[in-house]
Amino acid sequence: MSRSQAADPVRRRFLGRLLLGASLAPLALLRSSRSQAAELPLLQPSSPAARKLKYVADASQAKAAAKGDSCAGCGLYQGTYGSKQGPCQLFPGKDVLASGWCSSWEPQM
Ligand code: SF4
298 MSRSQAADPV RRRFLGRLLL GASLAPLALL RSSRSQAAEL PLLQPSSPAA
348 RKLKYVADAS QAKAAAKGDS CAGCGLYQGT YGSKQGPCQL FPGKDVLASG
398 WCSSWEPQM
């Protein structure tokens, strides 16, 4: 880089913005992933929709649940691997507990 290029204010401003953008990009990604992982209100087992499908917060309490079956292993569970709660396709706008279970449980594909 020659002296005349380093002294060019337009070029310096451009390079400054480029560096600022590069340094802020990881923060933007972090913020984005946090907003996607925002938790929804938990489905209450006493709600009519939950009762209709016999949803329980603890799969071990469900007589009809096969041993080891829970929301975490259900094909309709949309929580991330290892999450304690996450969305379920059957209960829009609500999270279910990974430890929960309902009568619509189905194996993951
Ligand atoms: S459909 Fe699956 S993830 Fe949803 S509440 Fe029932 S068992 Fe849990």
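Each residue of the sequence shown is one higher than the last, beginning at 298 in our numbering.
Every residue, glycine too, gets a C-beta built ideally from N, C-alpha and C.
Not a single heavy atom of the ligand SF4 lies less than 7 Å from the C-beta of Leu-337.
Contact between Phe-388 and Ala-354 is absent: CB atoms are separated by about 13 Å, not below the 8 Å threshold.
Cα atoms of Ala-363 and Ala-335: separation of roughly 30 Å, rounded to the nearest angstrom. Sequence-distant partners of Gln-382 (beyond 5 residues in either direction) whose C-beta falls short of 7 Å from its own C-beta, in its chain, are Glu-336, Leu-339, Gly-376, Asp-392, Val-393, Leu-394 and Ala-395. Under the three-state reduction of DSSP output, Cys-399 falls in the coil class, being neither helix nor strand. With fewer than 16 other beta carbons inside 10 angstroms of its own, Tyr-378 counts as exposed. If you compare the alpha carbons of Ser-357, Ala-359, Tyr-352 and Gly-365 with that of Cys-385, the shortest gap goes to Tyr-352. DSSP places Gly-372 outside both helix and strand once states are collapsed to three, so it counts as coil. Counting along the chain, Pro-345 sits inside no beta strand (DSSP E); it lies in the alpha helix (DSSP H) bounded by residues 345–349.
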